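Numbering (the numbering used here), first residue to last: 1348 to 1614. Reviewing the structure listed below.
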Ligand SMILES: NC(=O)c1ccc[n+]([C@@H]2O[C@H](COP(=O)([O-])OP(=O)(O)OC[C@H]3O[C@@H](n4cnc5c(N)ncnc54)[C@H](O)[C@@H]3O)[C@@H](O)[C@H]2O)c1
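Here you go:
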């Protein structure tokens, strides 16, 4: 029987993380690099992506590849596996983390429902959901060939439950309908993929609760009041779920959703 250390060893594996220049994507990259994987960071933000790929390489002594790609452009997304295979010759882990989030600057996005625009809704469907359909399809062959293929989709508590809009009253924060809808769709897409891509590729979701980013009052107190563990998440809280689902620690787990939300959805 393998030891825990052997089961979580990702040496010689290659992980592609979309949204790798973002907060949670970077923490996923650090997690998988610490376990020995080579890292491909994909993001629309080229400068940040280059910087973080270099930081991961230096800190964990693993090879990295930054890829500047706009996930809304299907033709560019379809070229991603070739870029990964040209550099590393394999792909074992895909973390779909990029998304338009509540704080994304988009006209008609994080505003009251009556002001939300169909243009913003459509872009969110494209980036948060359709691009994952395209990328998984493009990566399927390489992930299946790996023998340890694992896909991790990053959803949100708002893919599980509706927002409590009282949290947002009197603040400039918002909760767009398309965010919830795409994150809910992703949880279901995980299940669909899990049965269809089995037994070669495992597919699971990680669902974070709100991550603390210097949120101000009164939002912060209202959020904590509603959270059994009485704090917002930090990026570090997601490391365990990502390490578990990416590695052989979870080799008999597919189609599941690990909710890391401090208990937000427990009541
Ligand atoms: N922050 C939270 O509180 C929270 C809570 C639950 C779930 N999540 C989820 O975690 C994931 C990461 O969120 P985060 O908080 O790290 O946000 P973030 O904004 O720091 O990271 C998102 C990244 O996605 C990239 N991106 C956006 N559009 C893109 C496109 N068209 N092509 C390529 N890259 C694109 C951005 O450049 C950014 O680097 C998201 O899927 C989000 O829904 C976040």
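Just so you know, even glycine gets a beta-carbon here, dropped at the ideal spot from N, CA and C. These figures come from a predicted structure and were not determined experimentally.
Return yes when the C-beta of residue 1531 is under 7 Å from any heavy atom of ligand 1, and no when it is not.
Your numbering for residue 1531 matches position 184 in the chain shown. Every heavy atom of ligand 1 is 7 Å or more from the Cβ of residue 1531, so no.
Exposure label - residue 1599; buried when at least 16 CB within 10 Å:
The sequence position of residue 1599 within the chain shown is 252, counting from 1. Answer is exposed; the Cβ neighbour count stays below 16.
Tell me the residue span of the beta strand (DSSP E) that contains residue 1415.
Here residue 1415 refers to the residue found at position 68 when the chain shown is read from its first residue. Counting along the chain, the unbroken beta strand (DSSP E) around residue 1415 starts and ends at 1411-1415.
Please report the Cβ distance between residue 1518 and residue 1566, rounded to the nearest whole angstrom; I am assuming they are in contact, meaning their Cβ atoms lie under 8 Å.
Walking along the chain shown from the start, residue 1518 turns up at place 171. Walking along the chain shown from the start, residue 1566 turns up at place 219. Right, the Cβ-Cβ distance comes to about 5 Å (below 8 Å), so this counts as a contact.
Spatial neighbours of residue 1527 within its chain, please: C-beta separation below 6 Å, excluding the five flanking residues on both sides.
The residue labelled residue 1527 in the question sits at position 180 within the chain shown. Same-chain partners within the cutoff: 1505.
What are the start and end residues of each continuous beta strand (DSSP E) run of 3 or more residues lying completely inside the stretch 1414-1447, in chain order?
Entirely contained in the stretch 1414-1447, the beta strand (DSSP E) runs reaching 3 residues are, in chain order, 1440-1443.
So, is the C-beta of residue 1457 closer than 8 Å to a C-beta in chain C?
No chain C is part of this structure, which consists of one protein chain only.
Could you please give the first and the last residue of the uninterrupted beta strand (DSSP E) stretch that includes residue 1503?
On the chain shown, residue 1503 is found 156 positions in, with the first residue counted as 1. Residue 1503 -> no beta strand (DSSP E), and no H or E assigned at all.
Which stretch, first to last residue, makes up the alpha helix (DSSP H) that contains residue 1537?
Along the chain shown, read from residue 1 onward, the residue named residue 1537 stands at position 190. Residues 1524-1544.
Residues near residue 1556 by beta carbon distance below 6 Å, same chain, minus five either side:
Position 209 of the chain shown, counted from the first residue, corresponds to residue 1556. Same-chain partners within the cutoff: 1504, 1580, 1608, 1609, 1611.
Below 6 Å CB to CB, which residues in the same chain sit around residue 1471 once its five sequence neighbours on both sides are set aside?
For the purposes of this step, residue 1471 is identified with residue 124 of the chain shown, where counting begins at 1. These residues qualify, in order along the chain: 1447, 1525, 1529.
Is it right to say residue 1462 is buried, meaning 16 or more other beta carbons lie within 10 angstroms of its own, or is it exposed?
The residue you call residue 1462 lines up with position 115 of the chain shown. So residue 1462 ends up on the exposed side.
How is residue 1390 classed by DSSP in three states: helix, strand or coil?
For this step, residue 1390 is matched to residue 43 along the chain shown. It is a strand residue.
Look at the alpha carbon of residue 1603 and the alpha carbon of residue 1410, and state the distance between them as a whole number of angstroms.
Numbered from its first residue, the chain shown carries residue 1603 at position 256. Numbered from its first residue, the chain shown carries residue 1410 at position 63. Looking at the two C-alpha atoms, the distance is approximately 30 Å.
Would you list the one or two residues that DSSP bridges to residue 1363?
Residue mapping note: residue 1363 aligns to position 16 of the chain shown, counting from 1. Answer is 1387, 1441, bridged to residue 1363.
Given a cut-off of 8 Å, decide if residue 1501 and residue 1553 are closer than it, judged by their beta-carbon atoms.
As a position in the chain shown, residue 1553 is number 206, starting the count at 1. As a position in the chain shown, residue 1501 is number 154, starting the count at 1. Against a cut-off of 8 Å, the Cβ pair of residue 1501 and residue 1553 comes out as a contact.
Contact test: residue 1422 Cβ vs ligand 2 heavy atom, cutoff 7 Å:
Ligand 2 is absent from the structure shown, which contains only ligand 1.
Out of curiosity, what's the CA-to-CA distance linking residue 1366 and residue 1440?
Taking the first residue of the chain shown as position 1, residue 1366 is located at position 19. Taking the first residue of the chain shown as position 1, residue 1440 is located at position 93. Those two C-alpha atoms are separated by around 14 Å.
Measure the CB-CB distance between residue 1413 and residue 1486 and report whether it falls below 8 Å.
Locating residue 1413 in the chain shown gives position 66, counting from the first residue. Locating residue 1486 in the chain shown gives position 139, counting from the first residue. No, the pair does not count as a contact, with Cβ atoms beyond the cut-off.
If you draw a straight line from the C-alpha of residue 1408 to the C-alpha of residue 1478, how long is it?
Residue numbering aside, residue 1408 sits at position 61 when the chain shown is read from its first letter. Residue numbering aside, residue 1478 sits at position 131 when the chain shown is read from its first letter. Whole-angstrom Cα-Cα distance: 30 Å.
Test item: CB-CB of residue 1382 and residue 1449 under 8 Å
For the purposes of this step, residue 1382 is identified with residue 35 of the chain shown, where counting begins at 1. For the purposes of this step, residue 1449 is identified with residue 102 of the chain shown, where counting begins at 1. Their beta carbons are not under 8 Å apart, which means residue 1382 does not touch residue 1449 by this criterion.
Across the stretch 1487-1495 and the stretch 1535-1549, are there enough close Cβ pairs to call them in contact, namely three or more that are closer than 8 Å?
With three or more CB-CB distances shorter than 8 Å, the stretch 1487-1495 counts as touching the stretch 1535-1549.
Taking only heavy atoms of ligand 1 into account, decide whether any of them is closer than 7 Å to the Cβ of residue 1390.
Within the chain shown, the letter at position 43 stands for residue 1390. Yes.
So, with DSSP's three-state summary, where would you put residue 1604?
For this step, residue 1604 is matched to residue 257 along the chain shown. Residue 1604 falls in the strand class under three-state DSSP.
Drop a sphere of 10 angstroms on the beta-carbon of residue 1523, count the other beta-carbons inside from all chains shown, and report buried for 16 or more, exposed for fewer.
Taking the first residue of the chain shown as position 1, residue 1523 is located at position 176. The residue in question, residue 1523, is buried, as its Cβ has 16 or more Cβ neighbours within 10 Å.
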